[in-house]
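Those protein sequence lines, which keep their order, are chains D and P.
Under UniProt numbering, think of the first position of the first sequence as 1, with each following residue one higher.
Under UniProt numbering, think of the first position of the second sequence as 1, with each following residue one higher.
Here is the structure we will look at.
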Amino acid sequence: MPNDDHKKDHETNNTSSWQSVANDWNADKQSFDMPWGKLMMWIFLLSDTFIFSIFLTSYMSVRMTVTAVWPNPSEVFALTIAGHHIPLVLIAIMTFILITSSGTMAMAVNYAYQGNKQKTVYLMLATALLGASFIGMQAFEWTKLIVEEGIRPWGNPMGANQFGAAFFMITGFHGLHVSAGVIYLTVIAKRVYQGKYDQKGYHIVEITGLYWHFVDLVWVFIFAFFYLW
Amino acid sequence: MKENTKIKTVTSQPKQHPISMYLKVWLLLFVLSACSYMVDYFQFQGVLRWTLILVFMLLKAGLIIMVFMHLAWERTAVKLLLFLPPIAILIFIALMSSEADYVFIGRIISFFNP
């Protein structure tokens, strides 16, 4: 563990944050005062940010350059429920589910640090369950688009051919992240339940949480740029 | 030194917040999501639509990163680690959008002006 006496002095003196950066990098200690697993997760998420940004940027390029009409997502993703034609309704529900799962995850992290193991496990499992229902809805959405609407990565009846390629690539990659997150959450919840972190501390729950919130974060951007734009 | 052995398990944990804070942020995210859905539901168009989409998106992203991911309580060195590299992405987006404009004009000229 790094010696953070110098840090405490500065924090009590309320030094500028730039001074704290200089201290973190200059002191003879590790620069980032956090468990290595957490730092590695942050760096992984940073690299994942680049991957999703590149997908969204290529989608932007494709959408700006096509001369054909871009299919209207509001219509493509509309559902008719009980005789009412509601635009984007499934996507809206998926958004709310993912946000709710982020909320339960944040609370799981909080309870983990309080040492309340039971609530942590329940909330993590609730998060995983919400994630699984998100994947289920996405599978439903994909099936409807492929079977009923005839959307393919190379073409579709509504307009620009590139619509399918961008859609399946971006939402598919996000769906894979959600699936991986559900497995990750389940495994960690099981290990917390088994008491594997009783000695080590519950940083792992926060690290898992970082991944899960990131998946939610990516969805915010996909929702804005792909479904609403 | 007795203090130091405790540090490992107790004080190296991040600052804790009441559950009510998470519930408030959760509610706020719900409202913001509903707002961004309304942008589509009421079929706002043009600059108004794009501005609203971006504003709601950035507010939601900010809340998730800062509160749920606890970045607001991390040290500045961590914030810099996470916010400086994405500047490259913004530059890339700017480059690609100007490239896309150029390609689009090229396509219009060659596809529709034989």
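For each residue, glycine too, the CB sits at the ideal point set by N, CA and C.
Quick check: what's the CA-CA separation for residue 97 of chain P versus residue 105 of chain D?
Within the second sequence, numbered from 1, the residue matching residue 97 of chain P stands at position 97. Within the first sequence, numbered from 1, the residue matching residue 105 of chain D stands at position 105. So the two alpha carbons sit approximately 36 Å from each other.
Under 8 Å: do the stretch 31–38 of chain P and the stretch 48–61 of chain P share three or more Cβ pairs, one atom per stretch?
yes
Are the beta-carbon atoms of residue 45 of chain D and residue 221 of chain D separated by less than 8 Å?
Taking the first residue of the first sequence as 1, we reach residue 45 of chain D at position 45. Taking the first residue of the first sequence as 1, we reach residue 221 of chain D at position 221. Their beta carbons are not under 8 Å apart, which means residue 45 of chain D does not touch residue 221 of chain D by this criterion.
Could you tell me whether the Cβ of residue 228 of chain D comes closer than 8 Å to any Cβ of chain P?
The residue labelled residue 228 of chain D in the question sits at position 228 within the first sequence. It does: the Cβ of residue 228 of chain D has a partner Cβ on chain P nearer than 8 Å.
Within 8 Å (strictly less), CB to CB, does residue 80 of chain D reach chain P?
Residue numbering aside, residue 80 of chain D sits at position 80 when the first sequence is read from its first letter. Not closer than 8 Å to any Cβ of chain P, the Cβ of residue 80 of chain D fails to qualify, so no.
DSSP has residue 155 of chain D in a bridge; who is on the other side?
Locating residue 155 of chain D in the first sequence gives position 155, counting from the first residue. Bridge partners of residue 155 of chain D: D/152.
Enumerate, from N- to C-terminal direction, the unbroken beta strand (DSSP E) stretches of 3 or more residues contained entirely within the stretch 57–96 of chain D.
79–81, 84–86
Determine, using beta carbons only, whether residue 67 of chain D comes closer than 8 Å to chain P.
One-based indexing of the first sequence puts residue 67 of chain D at position 67. Yes, residue 67 of chain D counts as interfacial toward chain P.
In or out: residue 200 of chain D buried (at least 16 other Cβ within 10 Å) or exposed?
Taking the first residue of the first sequence as 1, we reach residue 200 of chain D at position 200. It counts as exposed.
Taking CB distances under 8 Å as the criterion, tell me whether residue 82 of chain P reaches chain D.
Taking the second sequence and counting its residues from 1, one reaches residue 82 of chain P at position 82. It does; some Cβ of chain D falls within 8 Å.
Between the alpha carbons of residue 5 of chain P and residue 177 of chain D, how many angstroms are there, rounded?
The residue labelled residue 5 of chain P in the question sits at position 5 within the second sequence. The residue labelled residue 177 of chain D in the question sits at position 177 within the first sequence. Low confidence applies here, because residue 5 of chain P scores a pLDDT of 42, under 50, leaving its location unreliable and the question unanswered by this model.
Taking only the alpha-carbon atoms, compute the straight-line gap between residue 74 of chain D and residue 82 of chain D and give it to the nearest angstrom.
As a first step, residue 74 of chain D is located in the first sequence; it is residue number 74 there, counting from the start. As a first step, residue 82 of chain D is located in the first sequence; it is residue number 82 there, counting from the start. Near 19 Å, if we compare the C-alpha coordinates of residue 82 of chain D and residue 74 of chain D.
Just mark residue 134 of chain D as buried or exposed, buried being the case when its beta carbon has 16 or more other beta carbons within 10 Å.
Stepping through the first sequence from its first residue, residue 134 of chain D is reached at position 134. Residue burial is scored here from C-beta neighbours: residue 134 of chain D has at least 16 other C-beta atoms within 10 angstroms and is therefore classed as buried.
Considering only residues of the same chain and omitting the five flanking positions on each side of residue 51 of chain D, which have a CB-CB separation below 8 Å?
Numbered from 1 along the first sequence, position 51 holds the residue referred to as residue 51 of chain D. The residues are 173.
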